[in-house]
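First up is the structure itself, then whatever we jot down about it.
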Amino acid sequence: MITKAERLATWIEVAAEQWECSQQLYKSASYEGALFWAFMAIKSLGQSLWLQEHPNGLPPRRPRLGKLLAATSFCPTAEHLTLLADLDHWRDDMMEPNPEDQFRDRATAEYTRHYLIGVDRLRRVLLAHLS
0 MITKAERLAT WIEVAAEQWE CSQQLYKSAS YEGALFWAFM AIKSLGQSLW LQEHPNGLPP
60 RRPRLGKLLA ATSFCPTAEH LTLLADLDHW RDDMMEPNPE DQFRDRATAE YTRHYLIGVD
120 RLRRVLLAHL S
């Protein structure tokens, strides 16, 4: 059986791989994919933080990011809350595209770069909470 420490280490490693994937997709102009993998990296770090602070049980598998992090000691800024809501929206749109939603049309190079900068700041804060 996998230990809590092993699970934490795995999720942190996976988050690093997901972040790298996001960066590579951005460089290849696959902006929607870059945003999706940025979401996955934050989700993995959020689940790691949840697990670190809740010794019994496992975090939800398909959480809303804000709700997941609200169950931890992490205190998000207003910028973080906006970013988390947008990342959830990206995840939803990638999983079940809505032709009436113009959210995907925003995935330009500049828009994605802006969000990846914010995600990187949030990612570093979450990693600091996991140290």
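What the sequence shown shows, in numbering that gives the first Met the number 0, is residues 0 to 130, in sequence order. All C-beta atoms in this analysis are idealised placements derived from N, C-alpha and C, irrespective of residue type, glycine included. All figures in this text were calculated on a predicted structure; none of them were measured in a lab.
- Taking the CA atoms as reference points, residue 115 sits about 12 Å from residue 20.
- Taking C-beta atoms under 8 Å as the contact rule, residue 86 and residue 38 qualify, at a distance of about 4 Å.
- DSSP, reduced to helix, strand and coil, places residue 16 within a helical segment of the structure shown.
- Contact check for residue 59 and residue 3: beta-carbon distance about 17 Å, past the 8 Å limit, so the pair fails to qualify.
- Between the region 22-36 and the region 44-54 there are fewer than three inter-stretch CB-CB distances shorter than 8 Å, so the stretches are not counted as touching.
- Cβ-Cβ distances below 7 Å link residue 130 to nothing in the same chain once the five nearest sequence neighbours on each side are left out.
- Residue 18 places its beta carbon less than 9 Å from that of residue 36.
- Secondary structure note for residue 112: its alpha helix (DSSP H) is the uninterrupted segment 108-129.
- DSSP, read as helix, strand or coil, puts residue 35 in helix.
- Note on geometry: alpha-carbon atoms of residue 61 and residue 0 lie some 23 Å from one another.
- Scanning its chain for C-beta atoms nearer than 7 Å, with the 5 sequence neighbours on each side dropped, one finds around residue 13 the residues 43, in chain order.
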